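Residue numbers (our numbering): 687 to 1418. All residues carry an ideal CB built from backbone N, CA and C; glycine is no exception. Predicted model only: the values in this text are computed from it and were never measured. I have placed the structure first, in the form of structure tokens, so that the comments after it can refer back to it.
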């Protein structure tokens, strides 16, 4: 029987045909689409409208609000804040993963109008596990927009998801397992970020490509399932607003199973052939299919060449050289679909990869198709999968004692650690002991501090689960230390009541992120500010992290009191009061404060008569009045309120501040010592001048122009300016 495959596609075997196919793609146009604006959209909070002060109401009720008030709004707790960063690209950098569909489109269109390449890099940084937020949902939402508006740019850059970061800036040459259920679509591990050596890490992994192809293959009339929505980011549907049951694509399949007794195998094959035929008429899907097949096929070729080269070196007794060659081998063979598995059923991508590896003619026969699939399985997948020593193969075969735990990726370790303990307790326990002694490694650099903090808070550090979490935490801490140092800084953990929700898809809350990130910062910071955290709610607490385990640190912070309101002004005034109380010299003041919060600060009273001052402006003026420069404020937004615009404590060019968001520890790398911020100079001892403080004493402050400090735009440019994003280019 002829395999179910897509119609013949010349773009698989011809570079010219591939270029022509991509060149034919045009943006999807719609008269009903919102028109892009020159600035990030400013939205007014209905709650603010009803609660604003009389002064604000007078100014904002005028037809022409002043520049001072036009961008102001209130936090949920009635604090004055900014509605917009006043920069579309910065707005996108901070909110790509948290706004709803229509608003996301406005953000993307406005950002693209301001700076297309920066917008493309922001979308990619949302996905990047080692250099960005590691959020595939946010990335997929951005990619979906690119598919509509800039399809050539998307497809010609798609390989940058999986290319090793050490070769991405270089021009790449063109050249002439187990079944998974649909529910696993969003629950696969991100091993690409954990390849050894570190230089071989990639922004994402090969499963990302298959996810995109699967979503593209869905019927236009289908309502996506929950797992599909987690990828596309249509959170209103995830919240339960979608029509369910047989109106969904998965529901239709379930309904079909109920009639299976009346449907023949030929009927099902006919339906599949019709679906594949429909896909082949869609130019973007054709181009996406060809792009994904070529990426997989090219990598499989390179990996097989490396494997054969390594074998030859081993035969010559050159073991060390062979190991270096083997470390180039990617995980493409693990994720390349076997014919008929879940990733291949709806897309038939396996046959396309096979045809790329063994090009066929337009009049291909069924026997030639069978032969190409056989070559794909036996020549490429089998030897490469055997070399990769994939953990799932040992598990399914019952060979638990054969598992090399040091090679198990972090998310796979989290998902399977109970199985390892159950089926190979002695071996797994010995492995954890070796990890504790520093004689074995454990993956953890790709995990988020929030997920580890949540797990550590649930059980004993001495249990099997606890030992795994503590070991993974140490790996995560070391991965940041290895990338650089953080000096003269301290983290502030928001532990107020608003941080208890909402719960994210991985089960964590903003509180888990606040605790995890602040503890991580404390452990990687340089003395004398290491192992110190400030928690704030109603009453700020200065905490020395005593003990050795993550669990002990969490207990220490939680014992100081959590769950009240968010008095940011009181926090900063407490820091200032301590400095004044001990007569701290300005040059001895902490230089940078990380605020891990949802930014919903309480209303702050200013000593001035200006009712329009934001929290940042109020605190800055109070510090300067006391003779101290305000430390650089890193506002790290942990809000995840989908459909609600986040508060912005500062705007794009506020000097001495930065705006970041997300849950990944990788974002800290932007602030490591030696960071070359655009327009920001290194700290220097000179440039101080003497002024008379409120108490009549002479103190030193930075002279005007003595130092160029960071600002939110410079930090964003630093984040997306990493060399790993250099391979990205705008084509349409």
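Check: As assigned by DSSP and simplified to three states, the class of residue 815; Outcome: coil
Check: Residue 1137 versus residue 1199 - alpha carbon distance; Outcome: 8 Å
Check: For residue 1321: DSSP bridge partner residues; Outcome: 1281 and 1345
Check: DSSP state of residue 1013 mapped onto helix, strand, coil; Outcome: coil
Check: Closest residue to residue 1358 among 1339, 783 and 1320 (Cα-Cα distance); Outcome: 1320
Check: Contact check, residue 1425 vs residue 1177, beta carbons under 7 Å; Outcome: The requested residue 1425 is not part of the displayed model; the chain covers only 687 to 1418.
Check: heavy atom of the ligand HEM below 6 Å from residue 756 C-beta; Outcome: With respect to small molecules bound, the structure shown includes none, and the ligand HEM cannot be examined in it.
Check: Three-state secondary structure (DSSP) of residue 1218; Outcome: strand
Check: Of the listed residues 840, 1353 and 1413, nearest to residue 816 (C-alpha basis); Outcome: 1353
Check: For residue 1203 and residue 1283, the rounded distance between their alpha carbons; Outcome: 11 Å
Check: Residue environment, residue 991, which counts as buried when at least 16 other CB atoms sit within 10 Å; Outcome: exposed
Check: Among 771, 1088, 1068 and 812, nearest to residue 1348 - alpha-carbon criterion; Outcome: 812
Check: Start and end residues, beta strand (DSSP E) containing residue 1001; Outcome: It is not in any beta strand (DSSP E) - residue 1001 instead sits in the alpha helix (DSSP H) that spans 969-1001.
Check: Exposure of residue 1194, with buried meaning 16 or more beta-carbon neighbours within 10 Å; Outcome: buried
Check: Local Cβ density within 10 Å of residue 859, reported as buried at 16 or more and exposed below that; Outcome: A caution first: residue 859 carries a pLDDT of 43, below 50, which makes its placement in the model too unreliable to give a value.
Check: Pick from 1035, 889, 1121 and 1252 that is closest to residue 1150, judged by C-alpha positions; Outcome: 1121
Check: Residues of its chain near residue 1418, where Cβ-Cβ distance is below 6 Å and the 5 sequence neighbours each way are ignored; Outcome: 836, 838 and 839
Check: The alpha helix (DSSP H) enclosing residue 827, as first and last residue numbers; Outcome: 822-835
Check: Short Cβ contact (7 Å threshold) for residue 640 with residue 1124; Outcome: In this structure the chain extends from 687 to 1418, so residue 640 is not present and cannot be described.
Check: Whether residue 1259 touches residue 1342 by CB criterion (7 Å); Outcome: no
Check: Alpha carbon of residue 777 to alpha carbon of residue 714, nearest angstrom; Outcome: 24 Å
Check: Inter-residue spacing [alpha-carbon to alpha-carbon] between residue 1405 and residue 805; Outcome: 12 Å
Check: Where the alpha helix (DSSP H) containing residue 1151 begins and where it ends; Outcome: 1150-1169
Check: Cβ neighbours of residue 1044 in the same chain (closer than 7 Å, five flanking residues each side left out); Outcome: 1058 and 1061
Check: With 16 other Cβ atoms within 10 Å as the buried cut-off, status of residue 765; Outcome: buried
Check: Among 1134, 1020, 1222 and 709, nearest to residue 818 - alpha-carbon criterion; Outcome: 1134
Check: Three or more C-beta pairs below 8 Å linking the segment 1253-1267 and the segment 1220-1233; Outcome: yes
Check: Proximity of residue 1008 and residue 996 at Cβ, strictly below 7 Å; Outcome: yes
Check: Residue environment, residue 940, which counts as buried when at least 16 other CB atoms sit within 10 Å; Outcome: Residue placement at residue 940 cannot be trusted, given a pLDDT of 40 that sits under 50; the coordinates are not used to answer.
Check: Sub-7 Å separation of residue 1143 and residue 1152 beta-carbons; Outcome: no
Check: Among 1011, 1095 and 1346, nearest to residue 1398 - alpha-carbon criterion; Outcome: 1346
Check: Whole-angstrom C-beta distance between residue 1323 and residue 1427, which should lie under 8 Å; Outcome: Summary: the structure shown does not reach residue 1427, with the chain confined to residues 687 through 1418, and so no result is reported for it.
Check: Environment of residue 1355 [buried if 16+ CB atoms lie within 10 Å]; Outcome: buried
Check: Pair within 7 Å by beta-carbon distance, residue 1416 and residue 774; Outcome: no
Check: Sequence ranges, beta strand (DSSP E) only - wholly within the segment 1069-1118, length at least 3; Outcome: none
Check: Nearest-angstrom Cβ-Cβ length linking residue 1414 and residue 846, presumed shorter than 8 Å; Outcome: 6 Å
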